[in-house]
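These notes concern the structure reproduced below.
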Amino acid sequence: MATVKDVAKEAQVSVATVSRVINHSPKASKAAIQAVTVAMKKLGYRPNAAARALVSQSTQTLGVLVGDVSDPFFGSMVKAIDTIATEQGKHLLIGNGYHSAKKERETIELLISQGCEALVIHSKSLTAEELITFANEAPGLVLINRFIPEIAERCIALDNLKGSYLATDYLIKHGHQQIGYICSNHDIEDTEQRKAGYLQALKDHGLTCTEDHIEYGAPDEAGGELAMTNLLTRGLPLTAIATYNDYMAAGALSALEENNIEVPKAMSIIGFDNGLIARYLHPKLTTVRYPIQRMAEQAAILSLKLANKEKPVTNNMIFVPTLVKRLSVVPATSATSV
């Protein structure tokens with residue numbers, strides 16, 4: 001493998017000159033640039049990224065922490081961040097936290113140690129205190145889908161309570177009064193906020209809710225299926241179900257089908273996130289739009305500006321969810337209670 005010394009010898013220049021060319025120094029002459037470029041191509045030499053970083057004081061990388069990159073939600077998030085990074089000539093370093101405080105902590109520490117000046121962090125397991133400490137260490141760190149008042153200017157988040165309120169309110173305005181809720185069992189702020197939105201909508205419309213109307217499960221298809229099955233065993237006169245996310249809604253649909261309960265004729269159902277799965281379920285799922293792509297783009301832009309010590313415009317840090325009306329909700333007069 002060719003070294004920088006080999007390139008210098010082939011180009012008949014000094015090692016310092018090769019270094020200036022590699023790091024785009026204005027002190028490098030046109031003749032030197034041409035000679036070094038030809039030599040590198042002839043020898044198959046590729047500049048060492050770490051060495052370049054030592055000279056330029058920049059790794060040209062944007063670090064990203066996600067829950068699990070195999071999840072389509074995080075896939076959309078990473079793609080949006082990569083689009084912005086590519087426009088700015090940056091590359092991504094991606095780590096998975098798997099909703100584990102230990103993994104999230106280790107990944108953030110690794111990204112910082114690798115010289116990532118800009119970081120977009122999706123952390124649900126670390127405490128606010130730890131994330132504030134990391135933010136103080138890395139001026140380009142931005143949180144996505146998390147709001148911490150002490151670093152509010154570096155948080156891009158969604159109004160989860162409002163989203164769940166919209167979903168429940170939509171069911172109520174369709175005449176539904178017996179509404180169950182399928183909730184995530186993850187101990188994170190999203191869970192609390194979305195459950196709170198459901199309860200607040202019922203309260204504002206003068207409807208009562210007991211704990212029997214709420215069932216918990218893992219925020220995936222299997223969790224939704226089990227939660228729906230458990231709700232059905234209670235024999236409540238439900239005509240509608242609000243869910244924590246689209247995956248739980250998909251699982252609920254499966255359980256309803258297995259029990260010969262037709263959706264939406266006998267049971268209306270609404271999801272949350274507007275993931276790709278929502279438009280391909282049967283019936284097509286009415287849900288709440290989570291603008292993760294736009295949020296991720298803004299988080300990436302903010303992170304890069306902070307890393308470059310630019311003063312960013314920090315308007316619209318809390319995004320507002322909207323309804324996506326499809327075919328899984330009908331008026332209660334069209335439904336028969338279970």
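So that you can map any letter, position 152 of the sequence shown is 152 in full-length UniProt numbering, and since no number is skipped, the others follow by simple counting. Glycine residues also receive a C-beta, built at the ideal position from the N, C-alpha and C atoms. None of the values given here were measured: they were computed from a predicted structure.
Cβ neighbours of C209 in the same chain (closer than 7 Å, five flanking residues each side left out): Shown here for C209: same chain residues with a beta carbon closer than 7 Å to its own, the five before and five after excluded, namely L199 and L202 in chain order.
With 16 other Cβ atoms within 10 Å as the buried cut-off, status of T243: A residue is called buried when at least 16 other Cβ atoms come within 10 angstroms of its Cβ; T243 meets this threshold and is buried.
Residue interval of the beta strand (DSSP E) (run including G63): T61 to V66 is the span of the beta strand (DSSP E), which, as asked, contains G63.
The region 76-84 in contact with the region 277-295 per 3-pair CB rule at 8 Å: The answer is yes - the region 277-295 touches the region 76-84, with three or more Cβ pairs under 8 Å.
The region 150-160 / the region 297-312 touching (three or more Cβ pairs under 8 Å): yes
Limits of the unbroken beta strand (DSSP E) element including V142: Run containing V142: G140 to I144, per the beta strand (DSSP E) assignment.
Strand pairing of A31, partner residues [DSSP]: For A31, which the question treats as bridged, DSSP gives no partner whatsoever.
Sequence-distant residues of the same chain with beta carbon closer than 7 Å to K42, five excluded per side: E10
Simplified DSSP state of T322, which is helix, strand or coil: Here T322 sits in strand by DSSP.
Under the three-state DSSP convention, the category K16 falls into: Residue identity check: residue 16 is Ala in the sequence provided, not Lys. In this structure, A16 counts as helix in the three-state DSSP scheme.
Whole-Å CB distance - L65 paired with H122, under 8 Å assumed: 6 Å
Member of D220, G163, G67 and Q114 whose CA lies at the smallest distance from the CA of K102: G67
Of the listed residues A118, G75, S100 and F74, nearest to G89 (C-alpha basis): With distances taken between Cα atoms, G89 lies closest to A118.
Nearest-angstrom Cα separation, counted from L238 out to E310: 54 Å
Strand pairing of C183, partner residues [DSSP]: Y216
Sequence-distant residues of its chain with Cβ nearer than 6 Å to A28 (five each side left out): R20 and V21
Beta-carbon proximity of V320 to H174, cut-off 8 Å: no
Beta-carbon proximity list for N316, same chain, < 8 Å, skipping 5 on both sides: Q298
Proximal residues to L327 (C-beta, below 6 Å), its chain only, five neighbours per side dropped: P283 and K284
Under the three-state DSSP convention, the category G275 falls into: coil
Rounded separation between I112 and A138 - CA only: 7 Å
Limits of the beta strand (DSSP E) - the one that I241 falls within: A240 to T243
Neighbourhood of K5 by C-beta distance below 8 Å, restricted to the same chain and skipping five residues each side: V15
Entirely enclosed alpha helix (DSSP H) segments - the region 56-135, minimum 4 residues: 72-87 and 101-113
Same chain only: Cβ atoms within 6 Å of E150, ignoring 5 sequence neighbours per side: I132
Whole-angstrom distance between H99 and A53, CA atom to CA atom: Low local confidence applies: a pLDDT of 47 at A53 is under 50, so the model's placement there is unreliable, and no value is given.
Spatially closest choice to L232 from A255, A250 and D246, by CA coordinates: The shortest Cα separation from L232 among A255, A250 and D246 belongs to A255.
Per DSSP, the bridge partner or partners of R194: Answer by DSSP bridge pairing: none, since R194 is not bridged.
6 Å CB neighbourhood of I318 in its chain, flanking five on each side removed: The answer, listed in chain order, is A157 and D159.
Cβ-Cβ separation, H213 to Y165 (assumed contact under 8 Å), whole Å: In fact, because the Cβ distance is near 16 Å, the residues do not count as touching under 8 Å.
Buried or exposed (CB count within 10 angstroms, at least 16 for buried), A31: exposed
Pair within 8 Å by beta-carbon distance, A218 and N185: yes
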